[in-house]
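What follows is a short report on a single structure.
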């Protein structure tokens, strides 16, 4: 039995799929781009204005060409997606930071610091650079391409979901977006591999708006894997039940994957899902919720049904401070994420406030929670060696197992946190009652001091520096 079947049966996954097919055939999906409308028309789909209707045969024939796995290759490391790779990415997109109990807008230096913490993490697999929020002194090229250039120049890790910042662009984003992806090819010195994943958001309910479709067209043209993710909110942009929300958002993802296969048969796709709960009292997205975890398991089931890699989950919390709510929600989401076994996890560490806030201390705490839950989910290994009969016999009744150096088996078998406090209560009090958040703040500073940039060639540096703000061109 697969882990998702604890929460949703394969029969119920089939029912969600069948309802999604009815949505696609009878309700349709809006695509706000003429090239996409023509693409569907050319493959026999029924079209009414910008609304596309897809029958079962069109859907299933298209999905049959989607690969079950693919590998992103670049000079900083390869990652294969498919079969539950659990590739972790950091918190992205937050515009606020929690620091010493206060929330403030992120500065450019803090954006760089978040990048450093991710790059020095032994839990995070791939890196990402958020946009510079203080951008009034930056040139347009720096505003657009710095998120790509900073990762290429300063990260030791594979950059995934590397996108030029298209928000400041007035008008057509096609050429600037394409130039950002070409910058990666130029840095790597090759364009014949998958070296990125292009993220395409649907606009719930049942719509793909213009600019994400431009990004899709460029990604398909350049033969880069495509990742589709809705973020529907029940009662606001989706139905009021978990099953209904899944049926609708699944129709959006399936529509995106069909579009990809019609445009370029065999291009890799990632089934994404970030839909969650809604706090109707405040009209806010609620990501630190049990329903978010259940949606993660259902996403695993649907991706299994379509036999494609998937993305979901993360260390998610709606808390606004470093408190008990932060810990409870993050642990629930991290455990369910690892258990569901996605191939790609965005917002793995550091997220608070429904995606809006980043905490550096929470980032490190989340790392320990991942380590702890990985150990839990690995279970108990029972072998002749781990049963330790010879050791038990040697020590005997009323003996002492504490002899010599710490056994390698103990270090392998028993989890030791980096940051959580395991001291004796009296010892802790005698040492000054230091709270965990203070330990984490100290560790954050140590991590930032430990960062050193990777080596790149002079040619690569000259290629990237025009897109990096002057303050960060020589060092960060």
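Residue numbers (my numbering): 1046 to 1521. Here a beta-carbon is modelled for each residue, glycine too, at the ideal position from N, C-alpha and C. Computed from a prediction, not measured in an experiment: that's the story for all the values here.
Quiz item: Taking just the CA atoms, how far does residue 1480 sit from residue 1271?
Solution: Here the question's residue 1271 lines up with position 226 in the chain shown. Here the question's residue 1480 lines up with position 435 in the chain shown. Those two C-alpha atoms are separated by around 43 Å.
Practice problem: Going by DSSP, name the residue or residues bridged to residue 1144. | Solution: As a working mapping, residue 1144 is identified with position 99 in the chain shown. Beta-bridge pairing links residue 1144 to 1147.
Exercise. Give every residue of the same chain whose Cβ lies closer than 7 Å to the Cβ of residue 1100, excluding the five residues on either side of it in the sequence, and list them in chain order.
Key: Locating residue 1100 in the chain shown gives position 55, counting from the first residue. Same-chain partners within the cutoff: 1070.
Quiz prompt | Closest by C-alpha distance to residue 1393, when choosing among 1162, 1474, 1449, 1154 | solution = On the chain shown, residue 1393 is found 348 positions in, with the first residue counted as 1. The shortest C-alpha separation from residue 1393 is found at 1162.
Quiz item: In angstroms, rounded to a whole number, what distance separates the CA positions of residue 1116 and residue 1096?
Solution: Position 71 of the chain shown, counted from the first residue, corresponds to residue 1116. Position 51 of the chain shown, counted from the first residue, corresponds to residue 1096. Between residue 1116 and residue 1096, the C-alpha separation is close to 34 Å.
Practice problem: Report the residue from 1453, 1344, 1395, 1170 whose alpha carbon sits nearest the alpha carbon of residue 1206. | Solution: Within the chain shown, residue 1206 is the residue found at index 161, counting from 1. Out of 1453, 1344, 1395, 1170, 1170 has the C-alpha closest to the C-alpha of residue 1206.
Practice problem: May I have the straight-line CA-CA distance separating residue 1283 from residue 1520, to the nearest angstrom? | Solution: Numbered from its first residue, the chain shown carries residue 1283 at position 238. Numbered from its first residue, the chain shown carries residue 1520 at position 475. Near 46 Å, if we compare the C-alpha coordinates of residue 1520 and residue 1283.
Exercise. Count the other CB atoms, across all protein chains shown, that sit within 10 Å of the CB of residue 1398; report buried if there are 16 or more and exposed otherwise.
Key: Counting from one through the chain shown, the residue named residue 1398 turns up at place 353. Per the 10 Å Cβ criterion, buried.
Exercise. Would you mind working out which of 1363, 1370, 1357, 1395 sits nearest residue 1383, comparing C-alpha positions?
Key: Residue mapping note: residue 1383 aligns to position 338 of the chain shown, counting from 1. Of the candidates 1363, 1370, 1357, 1395, the one whose C-alpha sits nearest the C-alpha of residue 1383 is 1357.
Quiz item: Along the chain, where does the alpha helix (DSSP H) that runs through residue 1483 open and close?
Solution: The residue labelled residue 1483 in the question sits at position 438 within the chain shown. Element bounds for residue 1483: 1481–1495.
Quiz prompt | Whole runs of the beta strand (DSSP E) within the segment 1319–1399, excluding any shorter than 3 residues | solution = 1322–1324, 1329–1331
Self-check item: Cβ shell of residue 1130 (< 6 Å), same chain only, five flanking positions each side left out
Solution: Within the chain shown, numbered from 1, the residue matching residue 1130 stands at position 85. Closer than 6 Å at Cβ, skipping near neighbours: 1388.
Quiz prompt | Identity of the residue in 1308, 1461, 1183, 1489 nearest residue 1110 by Cα | solution = Position 65 of the chain shown, counted from the first residue, corresponds to residue 1110. Cα-wise, what sits closest to residue 1110 is 1308.
Quiz prompt | Closest Cα partner of residue 1341 within the set 1328, 1329, 1322 | solution = Within the chain shown, numbered from 1, the residue matching residue 1341 stands at position 296. Ranking the options by Cα distance to residue 1341, first place goes to 1322.
Quiz item: Do you know whose CA, among 1114, 1509, 1083, lies nearest residue 1196's CA?
Solution: The count along the chain shown starts at 1 and reaches residue 1196 at position 151. Of the candidates 1114, 1509, 1083, the one whose C-alpha sits nearest the C-alpha of residue 1196 is 1509.
Quiz item: Near residue 1254, which residues of its chain fall below 6 Å by C-beta distance, leaving aside the five closest residues on each side in sequence?
Solution: For this step, residue 1254 is matched to residue 209 along the chain shown. Excluding positions up to five away in sequence, the list reads 1077, 1248.
Self-check item: Whole-angstrom distance between residue 1267 and residue 1346, CA atom to CA atom
Solution: Counting from one through the chain shown, the residue named residue 1346 turns up at place 301. Counting from one through the chain shown, the residue named residue 1267 turns up at place 222. Approximately 30 Å between the Cα atoms of the pair.
Quiz item: Within this structure, are the beta carbons of residue 1221 and residue 1173 separated by less than 8 Å?
Solution: Taking the first residue of the chain shown as 1, we reach residue 1221 at position 176. Taking the first residue of the chain shown as 1, we reach residue 1173 at position 128. No, the pair does not count as a contact, with Cβ atoms beyond the cut-off.
Practice problem: Determine which residues share a DSSP beta bridge with residue 1462 and list them. | Solution: Counting from one through the chain shown, the residue named residue 1462 turns up at place 417. Residue 1462 is not bridged to any residue.
Quiz item: For residue 1367 versus residue 1406, is the C-beta distance shorter than 8 Å?
Solution: Translated into positions along the chain shown, residue 1367 becomes position 322. Translated into positions along the chain shown, residue 1406 becomes position 361. Yes, these two residues count as a Cβ contact at 8 Å.
Quiz prompt | Residue range of the beta strand (DSSP E) that includes residue 1246 | solution = Residue mapping note: residue 1246 aligns to position 201 of the chain shown, counting from 1. 1243–1246 is the span of the beta strand (DSSP E), which, as asked, contains residue 1246.
Exercise. Could you spell out where the alpha helix (DSSP H) holding residue 1261 opens and where it closes?
Key: Against the chain shown, residue 1261 aligns to sequence position 216. Start and end: 1255–1266.
Practice problem: Note down, one range per segment and in chain order, each alpha helix (DSSP H) of at least 4 residues found wholly within the segment 1099–1126. | Solution: 1101–1108
Quiz item: alpha helix (DSSP H) containing residue 1188: first to last residue?
Solution: By one-based count along the chain shown, residue 1188 stands at place 143. First-last of the alpha helix (DSSP H) with residue 1188: 1185–1199.
Quiz item: Among the residues of its own chain, which have a CB less than 8 Å from the CB of residue 1586, if the five just before and after it don't count?
Solution: This structure cannot speak to residue 1586, because the chain is shown only from 1046 to 1521.
Quiz item: Should residue 1373 go down as buried or exposed, given a rule of 16 or more other Cβ atoms within 10 Å for buried?
Solution: Working through the chain shown from its first residue, we reach residue 1373 at position 328. Exposed, because fewer than 16 other Cβ atoms sit within 10 Å of the Cβ of residue 1373.
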